[in-house]
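Numbering (the working numbering), first residue to last: 145 to 494. Below you'll find the structure, written out as structure tokens, and then a few comments.
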């Protein structure tokens with residue numbers, strides 16, 4: 145089969161690999177649709193260290209090609225969604241409620257980290273019954289694939305932010321994850337959603353997805369603008385969806401005492417992320433910082449698919465480009481360099 149791999153630090157390309165085989169608890173999926181994530185770029189540029197001939201990608205849907213003898217819920221021919229995070233569900237961390245950390249910190253993140261990812265004609269899924277979900281007939285592949293990471297991560301930002309009904313929330317950055325955090329805040333009942341973003345196309349999408357106010361940090365001081373919008377009180381919840389030291393510090397600065405800072409950004413650069421001492425109340429302002437890695441698992445995927453089935457959100461508005469699998473090198477470069485107004489590129493394997 146063909147696979148799109150990280151050949152080394154900063155280098156990608158196609159190669160031939162054997163079609164994977166399913167273990168007794170596992171499955172092999174024939175890929176139909178996939179999405180490129182900014183974290184794929186982070187990986188290629190060394191954020192998790194060197195990798196050689198590692199198949200990239202962690203957001204995909206497809207058709208079951210093969211299942212192991214212990215798999216009960218899926219059969220060849222089934223159309224399925226696979227979470228970007230595929231934990232070992234019998235691991236101690238999973239049993240303690242932290243499945244994304246199974247085996248090690250971030251250990252539930254296997255695709256394009258500790259095993260080959262999904263940018264191939266076929267890919268392997270461990271613990272298939274626990275890590276895959278059937279896609280409803282009414283949900284097309286190009287929509288379902290967003291559940292693998294973007295919906296799961298973005299909504300986690302709102303969930304971990306403990307937004308009170310009618311509460312105030314500021315979301316820093318309106319890339320795909322930030323946009324889905326905006327949707328998550330709306331679905332959670334936020335009364336005022338402030339989106340911090342400078343790119344016009346992303347500002348427009350943020351408003352469509354439920355933002356009430358846009359703060360453009362290139363035109364005004366974002367912290368001062370948010371404080372003014374909240375009568376100097378600050379927000380109940382700030383969501384960091386970029387992975388930047390500066391925006392993380394801004395989240396601390398705009399959150400009221402007793403509020404939550406929910407980090408879902410991938411901090412792929414630098415050695416430290418700073419906490420501003422005074423904005424933190426010199427350590428005593430009762431501001432809670434929460435973090436998380438994209439939740440996976442069949443139950444999570446089924447719930448997200450239900451939101452699509454019931455028309456609560458249409459993530460395909462974020463699809464700015466569509467490429468054939470054979471064009472993945474071009475698609476990756478556009479996403480890596482953030483060219484052509486890209487938000488999310490869809491890869492079609494048909």
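Even for Gly, the Cβ is constructed at its ideal location relative to N, Cα and C.
> Would residue 305 pass as a contact of residue 324 if the rule is Cβ separation under 9 Å?
Replying inline: Working through the chain shown from its first residue, we reach residue 305 at position 161. Working through the chain shown from its first residue, we reach residue 324 at position 180. No; because the gap between Cβ atoms is not below 9 Å, this pair is not in contact.
>> Considering only the alpha carbon of each residue, which of 364, 288 and 190 lies closest to residue 450?
In response: The residue given as residue 450 occupies position 306 in the chain shown. The residue with the shortest Cα to Cα distance from residue 450 is 288.
> Which residue or residues does DSSP assign as beta-bridge partners of residue 213?
Replying inline: Locating residue 213 in the chain shown gives position 69, where the first residue counts as 1. Residue 213 is not bridged by DSSP to any residue.
> When the distance is taken between beta carbons, is residue 490 closer than 9 Å to residue 177?
Replying inline: As a working mapping, residue 177 is identified with position 33 in the chain shown. As a working mapping, residue 490 is identified with position 346 in the chain shown. Yes.
> Span of the alpha helix (DSSP H) holding residue 348?
Replying inline: As a working note, residue 348 is residue 204 in the chain shown. From DSSP, the alpha helix (DSSP H) with residue 348 extends over 344-353.
> Can you give the beta carbon distance from residue 378 to residue 398, rounded, assuming they're within the 8 Å contact cut?
Replying inline: Here residue 378 refers to the residue found at position 234 of the chain shown. Here residue 398 refers to the residue found at position 254 of the chain shown. With 8 Å as the limit, residue 378 and residue 398 qualify as a contact, their Cβ atoms being about 5 Å apart.
> At what residues does the alpha helix (DSSP H) containing residue 244 begin and finish?
Replying inline: Working through the chain shown from its first residue, we reach residue 244 at position 100. Counting along the chain, residue 244 falls outside any alpha helix (DSSP H), and DSSP gives it neither H nor E.
> Using DSSP with H/G/I as helix, E/B as strand and the rest coil, what is residue 408?
Replying inline: Locating residue 408 in the chain shown gives position 264, counting from the first residue. In this structure, residue 408 counts as coil in the three-state DSSP scheme.
>> Does the contact criterion of 3 or more C-beta pairs under 8 Å hold for the stretch 271-279 versus the stretch 187-196?
In response: no
>> Alpha carbons only, please: which of 459, 194 and 209 is nearest the one belonging to residue 220?
In response: Translated into positions along the chain shown, residue 220 becomes position 76. Checked all of 459, 194 and 209; the closest Cα to residue 220 is 209.
> Using a Cβ-Cβ cut-off of 6 Å (strictly less than) and excluding sequence neighbours within five positions of residue 346, which residues of its own chain qualify?
Replying inline: Residue 346 sits at position 202 when you count from the first residue of the chain shown. These residues qualify, in order along the chain: 318.
>> Less than 6 Å between C-beta atoms, sequence neighbours within five positions excluded: which residues of the same chain meet that for residue 353?
In response: Translated into the one-based positions of the chain shown, residue 353 becomes position 209. Same-chain partners within the cutoff: 323, 326 and 327.
> Could you give the distance in angstroms between the alpha-carbon of residue 166 and the alpha-carbon of residue 222?
Replying inline: The sequence position of residue 166 within the chain shown is 22, counting from 1. The sequence position of residue 222 within the chain shown is 78, counting from 1. If you take the alpha carbons of residue 166 and residue 222, they lie about 15 Å apart.
> Where does residue 310 sit, in a helix, a strand or coil, going by DSSP?
Replying inline: By one-based count along the chain shown, residue 310 stands at place 166. Reduced to three states, the DSSP call for residue 310 is coil.
>> Can you find the residues in the same chain that come closer than 6 Å, C-beta to C-beta, to residue 184, ignoring five residues on each side of it along the sequence?
In response: The sequence position of residue 184 within the chain shown is 40, counting from 1. Closer than 6 Å at the Cβ level, and outside the excluded window around residue 184, lie 200.
> Where does the unbroken alpha helix (DSSP H) through residue 450 begin, and where does it stop?
Replying inline: Your numbering for residue 450 matches position 306 in the chain shown. Counting along the chain, the alpha helix (DSSP H) containing residue 450 begins and ends at 442-453.
>> Give the list of continuous beta strand (DSSP E) stretches no shorter than 3 residues that lie fully inside the stretch 354-427.
In response: 357-359, 379-384 and 399-407
>> Please list the terminal residues of the continuous beta strand (DSSP E) segment that includes residue 178.
In response: Taking the chain shown and counting its residues from 1, one reaches residue 178 at position 34. Residue 178 -> beta strand (DSSP E) spans 171-179.
> With a CB to CB cut of under 6 Å and the five nearest residues on each side skipped, what residues in its chain are close to residue 151?
Replying inline: Numbered from its first residue, the chain shown carries residue 151 at position 7. Same-chain partners within the cutoff: 157.
>> For residue 234, count the other beta carbons within 10 Å of its own beta carbon; 16 or more makes it buried, fewer makes it exposed. Which is it?
In response: In the chain shown, the residue the question calls residue 234 occupies position 90. Exposed, since its Cβ has fewer than 16 Cβ neighbours within 10 Å.
>> Please give the ranges of any beta strand (DSSP E) in the stretch 252-287, keeping only runs that are unbroken, at least 3 residues long and fully inside the region.
In response: Whole beta strand (DSSP E) segments, 3+ residues: 266-269 and 276-278.
> Between 464, 371, 412 and 263, which lies nearest to residue 395 when the distance is taken from Cα to Cα?
Replying inline: The residue you call residue 395 lines up with position 251 of the chain shown. Of the candidates 464, 371, 412 and 263, the one whose C-alpha sits nearest the C-alpha of residue 395 is 371.
>> I'd like the list of long-range same chain contacts for residue 389, defined as Cβ closer than 7 Å, with 5 residues on each side in sequence excluded.
In response: One-based indexing of the chain shown puts residue 389 at position 245. Closer than 7 Å at the Cβ level, and outside the excluded window around residue 389, lie 414, 417 and 418.
>> According to DSSP, simplified to helix, strand and coil, what is residue 299?
In response: The count along the chain shown starts at 1 and reaches residue 299 at position 155. Three-state result, residue 299: helix.
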